[in-house]
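Residue numbers (the working numbering): 1 to 153.
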Amino acid sequence: MTSRTDHAEIGVLVDRFFHALDEREFAAGWALDFVTDDVRMETPLGTSRGAAAVRSTEEALERYDRTQHIASGILTDAEAGAERATVSWNALMTHVHREATLSERGADADPLFVVGGRFEADLRRTPRGWRFSRVEVRPTWTKGEPPPGVDAR
């Protein structure tokens with residue numbers, strides 16, 4: 001059973017991570033507030049590790065004008081005092097296409113690409129708090145079209 005403190009800290013990590021993505025808070029070293037050095041990111045765009053995983057996250061978001069990520073139903077599992085934990089949550093991810101993408105698609109283009117799904121993650125307790133060591137994005141449904149050249153389904 002996860003302690004209330006660990007559950008709260010992990011929930012805040014999820015919320016802060018989504019906030020950083022949406023606000024594009026990508027200053028040097030930004031990801032160290034969220035992930036371990038050897039993080040493994042598994043998304044519909046591919047799997048990457050470490051610094052490459054961080055850069056692929058930034059590049060994926062740069063395809064859009066703006067985004068909004070909403071997390072709900074955060075479920076954590078860790079023994080009290082454990083050094084490792086798991087977390088899963090529902091996610092609603094709304095992506096607003098860049099003007100260039102909309103112009104390319106024509107006047108009737110849908111400005112939004114929306115994804116509903118789940119995140120599954122492993123965490124490690126570090127001297128700086130809980131950090132994701134693995135993050136997997138599992139889309140359940142999509143609405144609209146992803147940017148050109150991206151199969152995000």
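Glycine is no exception: its CB is placed at the ideal position from the N, C-alpha and C atoms.
Predicted, not measured: the structure shown is a model, and the values here were computed from it.
Taking Cβ to Cβ, would you say V150 is nearer than 8 angstroms to R63? yes
Considering only their Cβ atoms, is the gap separating H95 from T67 smaller than 8 angstroms? yes
According to the Cβ coordinates, are D6 and A121 closer than 8 angstroms? no
Cutoff 8 angstroms; reference D38; Cβ partners in own chain excluding five residues on either side: R49, G50, S133
On the three-state DSSP scale, how would you describe V54? helix
How should V12 be labelled, buried or exposed, when 16 other C-beta atoms within 10 angstroms of its C-beta is the threshold for buried? exposed
Going by C-alpha distance, which of E25, D33, S3 is nearest T126? D33
Alpha carbon to alpha carbon, how far is F113 from R105? Give it in angstroms, no decimals. 13 angstroms
Quick one: measure Cβ to Cβ for R131 and T36, integer angstroms, because I've assumed they're closer than 8 angstroms. 5 angstroms
Quick one: grab the DSSP three-state call for F18. helix
Going by CA-CA distance only, name the one from E145, R4, R40 that's closest to I193. Any property of residue 193 remains undetermined from this structure, which presents the chain solely from 1 to 153.
Using a Cβ-Cβ cut-off of 7 angstroms (strictly less than) and excluding sequence neighbours within five positions of A109, which residues of its own chain qualify? L102
Between which two residues does the alpha helix (DSSP H) carrying A100 extend? 99 to 105
Return the CA-CA distance between E145 and G81, expressed in angstroms with no decimal places. 44 angstroms
Since R138 is in the beta strand (DSSP E), which residue starts that stretch and which ends it? 129 to 143
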